[in-house]
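Undergrad: I have a structure I would like to understand better, so I am pasting it below and will then ask my questions one at a time.
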Amino acid sequence: MDRFRPRSAGRHGVVDVTAPIEEYLDDLYRLLRTTPRQARRILAESEAHLRDAAAAGEAAGMSLQQAESEAVARFGTAEEIASACRPTLTRPPRWADVWALGRIGYLLAGVGLLAVGVSGVVAALMTQYVGRSFVGGLSTTYSAATCRHFLALHPAAGSCGRAAVLENSQDAVSLRLLAGALGLVLLAAGWLWRRQHRGAPSYISAIPSGLAPLLATLTFACAAAFLIGQSIDTAMVRGSDGVGFYLSGGLVAVVAAGISAAPLYRRYLLT
Amino acid sequence: MKSRHLKGSLDLLLMAVLRDAPAHGYAIIAALRDRSDGAFDLAEGTIYPALHKLEDAGLVRSSWDTGSGRRRRIYALTPKGVQALATERAEWTGFARGLQAVTGWSM
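As given, the protein sequences belong to chains W and H, one line each in that order.
If you read the first sequence in numbering that gives the first Met the number 0, its first letter stands for residue 0, the second for the next number, and so on.
If you read the second sequence in numbering that gives the first Met the number 0, its first letter stands for residue 0, the second for the next number, and so on.
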């Protein structure tokens, strides 16, 4: 079966894309808009058929290149085969796209909330090791009623400003951790749902698979730019007070943007 | 052969080939071409979606076979497919007889 092996394997074992059958199967893969199971089956059957046809061509005296080209030409265009597969769908492709977008939105919401939760952990560490004012010393004017509320919550603070710092630093941790817990619940529910529906027919939508990491990268990058900008602005105006409130979120957003960008880098820049 | 005629009859042709013995796609195409003396020379890949639809309808069944070294999907007619083929045959015979009587063409 040596003659059916790709003739050359490049870096990372990448198949020689100049082989007509390989190119054809790549085209067909890109065009198929059907269930994953049917897509795998069509690809497997198409490859077996094309290899048989190429082997017959070689047996008849053609070169491998000629035999593969002839087999591909006789098989029909990838568009034709992909189009013939579409009527077997039981749900319009538009629904598949809406569904895919909904899943991306759900995933981003879960990951975003989880990132907020992680920023709460960073804020807690900053509070612990840098000081409460670094996180809770926000530049805000409080009403008398709010001051009374803060002092009621923190009677030992002694002043409205000190009580506000304590309250803000606590909120920066507890509320963010709450958001993170909600994000974890969302992601766990999504994972369980997906696990329960594993094997059920699903649909390949026209939404590119790189959209989720792209949106996540852009969202986190924008959040990082805003929060770090706020940190710098706060530092220039007020010194260290309140810088940690923004910086804790900004640092997490930078890391999250990097993690989100990694699959895009691997997919589009390394190939 | 005009492709519209061929496409309209593809299900019938596929079932007719499978009536004799189970076969994989490449063998089905070869049988279609040989039995029609090359007249039924369609884009080979189009038979797979058609076979899948027949399978969805319960007229054929299939399973993977790796006996010859390469993984191939073998298709076979089901009892429901045998019955459907007999019905199609009766309808086609009647249709062909009527067409011949009206046009006077010999077949």
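Here a beta-carbon is modelled for each residue, glycine too, at the ideal position from N, C-alpha and C.
With contact counted as at least three CB pairs below 8 angstroms, one residue from each stretch, are the stretch 120–128 of chain W and the stretch 213–228 of chain W in contact?
TA: Touching, no.
Undergrad: So who's on the other strand from Arg36 (chain W), going by DSSP bridges?
TA: Residue mapping note: residue 36 (chain W) aligns to position 37 of the first sequence, counting from 1. DSSP, once it has assigned bridges, lists no residue as partnering Arg36 (chain W).
Undergrad: Specify the secondary structure class of Ala220 (chain W) as computed by DSSP and reduced to three states.
TA: Here residue 220 (chain W) refers to the residue found at position 221 when the first sequence is read from its first residue. Helix at Ala220 (chain W).
Undergrad: Have a look at Val81 (chain H) and Arg88 (chain H) and give me their C-alpha separation to the nearest angstrom.
TA: Numbered from 1 along the second sequence, position 82 holds the residue referred to as residue 81 (chain H). Numbered from 1 along the second sequence, position 89 holds the residue referred to as residue 88 (chain H). Taking the straight line joining both Cα atoms gives about 10 angstroms.
Undergrad: Would you list, in chain order, the members of the stretch 23–51 of chain H that have their beta-carbon closer than 7 angstroms to a beta-carbon of chain W?
TA: Listed in sequence order: Gly24, Tyr25, Ala42, Glu43, Gly44, Thr45, Tyr47, Pro48 and His51.
Undergrad: Do you know offhand how far Leu88 (chain W)'s Cα is from Ala20 (chain H)'s?
TA: Counting from one through the first sequence, the residue named residue 88 (chain W) turns up at place 89. Counting from one through the second sequence, the residue named residue 20 (chain H) turns up at place 21. Unreliable positioning characterises Leu88 (chain W) in this predicted model, as indicated by a pLDDT of 45, which lies under 50. The coordinate reading is nonetheless provided below. When rounded, the distance between both Cα atoms is 29 angstroms.
Undergrad: Do you know how far the Cα of His23 (chain H) is from the Cα of Leu31 (chain H)?
TA: Residue mapping note: residue 31 (chain H) aligns to position 32 of the second sequence, counting from 1. Residue mapping note: residue 23 (chain H) aligns to position 24 of the second sequence, counting from 1. Their backbone Cα atoms lie some 12 angstroms apart in a straight line.
Undergrad: Note down the Cα distance separating Thr77 (chain H) from Lys52 (chain H), rounded to an integer number of angstroms.
TA: Here the question's residue 77 (chain H) lines up with position 78 in the second sequence. Here the question's residue 52 (chain H) lines up with position 53 in the second sequence. Whole-angstrom Cα-Cα distance: 14 angstroms.
Undergrad: Is there a Cβ of chain H sitting closer than 8 angstroms to that of Val52 (chain W), yes or no?
TA: Residue 52 (chain W) sits at position 53 when you count from the first residue of the first sequence. A small correction: the amino acid at residue 52 (chain W) is Ala; Val does not occupy that position in the sequence shown. It does; some Cβ of chain H falls within 8 angstroms.
Undergrad: Is there a C-beta anywhere in chain H that falls below 8 angstroms from the one on Arg39 (chain W)?
TA: Taking the first sequence and counting its residues from 1, one reaches residue 39 (chain W) at position 40. No, because no Cβ of chain H sits closer than 8 angstroms to the Cβ of Arg39 (chain W).
Undergrad: Within 10 angstroms of its Cβ, does Tyr285 (chain W) collect 16 or more other Cβ (buried), or is it exposed?
TA: Within the shown structure, residues of chain W are numbered from 0 to 270, placing residue 285 (chain W) beyond reach of any answer.
Undergrad: Any C-beta of chain W sitting closer than 8 angstroms to the C-beta of Arg60 (chain H)?
TA: Residue mapping note: residue 60 (chain H) aligns to position 61 of the second sequence, counting from 1. Chain W contact via Cβ: absent.
Undergrad: Are three or more beta carbon pairs between the stretch 108–119 of chain W and the stretch 140–155 of chain W nearer than 8 angstroms?
TA: Judged by Cβ distances under 8 angstroms, the stretch 108–119 of chain W makes no contact with the stretch 140–155 of chain W, as fewer than three pairs qualify.
Undergrad: Distance, Cα to Cα, Gln229 (chain W) vs Thr140 (chain W)?
TA: Translated into positions along the first sequence, residue 229 (chain W) becomes position 230. Translated into positions along the first sequence, residue 140 (chain W) becomes position 141. Cα-Cα distance, rounded: 18 angstroms.
Undergrad: For Arg60 (chain H), write down the residues that DSSP places opposite it in a beta bridge.
TA: As a position in the second sequence, residue 60 (chain H) is number 61, starting the count at 1. H:Ala75.
Undergrad: Using the beta-carbon count (16 or more within 10 Å), is Pro48 (chain H) buried or exposed?
TA: Residue 48 (chain H) sits at position 49 when you count from the first residue of the second sequence. By the 10 Å Cβ count, Pro48 (chain H) comes out buried.
Undergrad: Could you tell me the distance, in whole angstroms, from the CA atom of Val184 (chain W) to the CA atom of Arg102 (chain W)?
TA: As a position in the first sequence, residue 184 (chain W) is number 185, starting the count at 1. As a position in the first sequence, residue 102 (chain W) is number 103, starting the count at 1. Roughly 15 angstroms between the two C-alpha positions.
Undergrad: Would you identify the three-state DSSP class for Ala178 (chain W), choosing helix, strand or coil?
TA: As a first step, residue 178 (chain W) must be located in the first sequence, where it is residue number 179. Ala178 (chain W): helix per DSSP, three-state reduction.
Undergrad: Once the 5 residues before and after Val134 (chain W) are set aside, which same chain residues still bring their CB inside 6 angstroms of it?
TA: Here the question's residue 134 (chain W) lines up with position 135 in the first sequence. Within the same chain, Val134 (chain W) has close Cβ partners Ala122, Met125, Thr126, Ser168, Ala171, Gly243 and Phe244.
Undergrad: Report all residues from its chain with a CB closer than 6 angstroms to the CB of Arg60 (chain H); omit the five preceding and five following residues, and keep chain order.
TA: Walking along the second sequence from the start, residue 60 (chain H) turns up at place 61. Around Arg60 (chain H): Ala75 and Thr77.
Undergrad: Listed from N- to C-terminal order along the chain, which residues in the stretch 56–80 of chain H have their beta-carbon within a distance smaller than 7 angstroms of any beta-carbon of chain W?
TA: Listed by position along the chain: Gly68, Arg69, Arg70, Arg71 and Arg72.
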